[in-house]
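Here the protein sequences line up with chains U and D, keeping their order. Okay, so the first sequence: first residue is 276 according to the working numbering, each after it adds one. Okay, so the second sequence: first residue is 7 according to the working numbering, each after it adds one. In what follows, a single structure is set out as structure tokens and then discussed.
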Amino acid sequence: MASYTKAAQQWATFARAWYLIDGKMQPPGKLAAMSVIRLQGKHKPVYHALSDCGDHVVIINTRHIAFSGNKWEQKVYSSHTGYPGGLKQVTATQLHLKDPTAIVKLAIYRMLPKNLHRRTMMQRLHLFPEDVIPEDIRNNLVEELAQPRRIPKRLDEYTQEEIDAFPMLWTPPKDYRKM
Amino acid sequence: MGALRVKLKGLGLRRLLEPRALWDWGRDLKGPERLLLRGIEGKIIEDVKTPTPPNPSGQCPICRWNLKHKYNYEDVLLLSQFIRSDGGMLPRRITGLCLEEHKKVAVCVQMAHRAGLLPNHRPLLPEGHVSKKPKLNRYLTRWSVRSAKPIWKRGPKWCRIPFRVGHPLLMNNINYGQRPVYLNH
Chain U
276 MASYTKAAQQ
286 WATFARAWYL
296 IDGKMQPPGK
306 LAAMSVIRLQ
316 GKHKPVYHAL
326 SDCGDHVVII
336 NTRHIAFSGN
346 KWEQKVYSSH
356 TGYPGGLKQV
366 TATQLHLKDP
376 TAIVKLAIYR
386 MLPKNLHRRT
396 MMQRLHLFPE
406 DVIPEDIRNN
416 LVEELAQPRR
426 IPKRLDEYTQ
436 EEIDAFPMLW
446 TPPKDYRKM
Chain D
7 MGALRVKLKG
17 LGLRRLLEPR
27 ALWDWGRDLK
37 GPERLLLRGI
47 EGKIIEDVKT
57 PTPPNPSGQC
67 PICRWNLKHK
77 YNYEDVLLLS
87 QFIRSDGGML
97 PRRITGLCLE
107 EHKKVAVCVQ
117 MAHRAGLLPN
127 HRPLLPEGHV
137 SKKPKLNRYL
147 TRWSVRSAKP
157 IWKRGPKWCR
167 IPFRVGHPLL
177 MNNINYGQRP
187 VYLNH
């Protein structure tokens, strides 16, 4: 901007911003894709891998994420303790009940580039199962990002006018009893 | 009295012994008058005037309203016209849908139920029944929650077992975005 001094412009360009994403009814993979871009700093034109230009990302309502398909039952998270017979395999449902932030955390960890910067970027990620955020993080937030998936309306969320405006597609026969 | 009961039983006149049930009295009456006997008022509703469909020469309601490949699980206003109050589908001979559209609507209704978009069309359960299943948000579920088993070994990348999403019957839906509809994740 023309009205800022050079020092102020430099400060604003390289400052670390805090972004907020609401994970309610969102697929964790899409949340992870959005956050990974911002944690690396790839959304900035001044990006360079060595210049540590990543931002902070806060994801709330991770308890209310939505998987498409039957992934809650089919997706398996595996880990090995290192000891023989130490393969632990847990379905997404079981893992989510044990730790509501684990699915989003693992999704982001596996999407980040596999280098030493990954751990620093994970430290700049903040996950909260509900929408309760600590005071200091809430004061830092700059922008809330748009949710990746459009949430469909439930039938009881439609107003009576909208329901009446929708025409009846078929005419019931004379002896039809409304069940 | 006991002897009389035994004698009547022998004659096969059980109907006289048992108290006549309330529903039995109204057997000769029909229509709204029968409901009057129970103390409920019956009204004869006149036919509601529906607007004319844009394609009256169609065979099924979907074709008549030009909605052939244009609906999905989230169009609850459309789907709710073809379901009963406990969530089941209405028969094809009543609604007039053609077979392929009936199957597509059934699949969309199943997906809408699993996504929780039809909360008031649940089957009747005894009061105070608390389900022990965890309430997880989901959408585009092809198979029922109880029937899906975990995929313990997905295999290497070149022969990966995919997660099936959506339904192949809805493959031909019109997609206004640039990305195609992925059924295998």
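A virtual CB, placed ideally from N, CA and C, is assigned to each residue, including glycine.
- For residue 145 of chain D, the closest Cβ of chain U is nearer than 8 Å.
- Taking 8 Å as the cut-off, the beta carbon of residue 179 of chain D is found no closer than this to the beta carbon of residue 108 of chain D.
- Considering only U/348, U/444, U/398, U/303, the residue with the shortest C-alpha distance to residue 152 of chain D is U/348.
- Straight-line measurement puts the Cα of residue 315 of chain U at about 13 Å from the Cα of residue 289 of chain U.
- Listed in chain order, the non-local C-beta contacts of residue 96 of chain D below 8 Å within the same chain comprise 88, 89, 90, local neighbours out to five positions each way being set aside.
- Legend: CB atoms of the segment 293 to 314 of chain U lying less than 7 Å from CB atoms of chain D belong to residues 300.
- Fewer than three beta-carbon pairs drawn from the segment 351 to 358 of chain U and the segment 168 to 186 of chain D are found closer than 8 Å, and the two stretches are therefore not classed as touching.
- Taking a C-beta cut-off of 9 Å against chain U, the contacting residues of the segment 137 to 163 of chain D are 140, 142, 143, 144, 145, 146, 147, 148, 149, 150, 151, 152, 153, 154, 155, 156, 157, 158, 159, 160, listed in chain order.
- Residue environment for residue 300 of chain U: buried (at least 16 other C-beta atoms within 10 angstroms of its C-beta).
- Within chain D, the residues 82, 83 have their CB atoms less than 9 Å from the CB of residue 433 of chain U, given in chain order.
- About 5 Å separates the CB atoms of residue 298 of chain U and residue 337 of chain U; that is less than 8 Å, so the two are in contact.
- With a threshold of 8 Å between beta carbons, residue 344 of chain U makes contact with chain D.
- Under the Cβ criterion of 8 Å, residue 176 of chain D is not counted among the residues facing chain U.
- Residue environment analysis places residue 158 of chain D among the exposed positions, since fewer than 16 neighbouring C-beta atoms fall within 10 angstroms of its C-beta.
- Residue 138 of chain D and residue 113 of chain D have their alpha carbons spaced roughly 26 Å apart.
- With the criterion set as a beta carbon lying under 8 Å from some beta carbon of chain D, the members of the segment 351 to 384 of chain U are 351, 364, 366, 368, 371, 372, in sequence order.
- Contact between residue 78 of chain D and residue 70 of chain D is ruled out by a C-beta separation of about 19 Å, above the 8 Å threshold.
- DSSP places residue 58 of chain D outside any beta strand (DSSP E), giving it a letter other than H or E.
- Residue range 362 to 366 is occupied by the beta strand (DSSP E) that includes residue 363 of chain U.
- In the three-state reduction of the DSSP assignment, residue 408 of chain U falls in the coil class, being assigned neither a helical nor a strand state.
- If you look at residue 318 of chain U, you'll find it isn't in any beta strand (DSSP E); DSSP assigns it neither H nor E.
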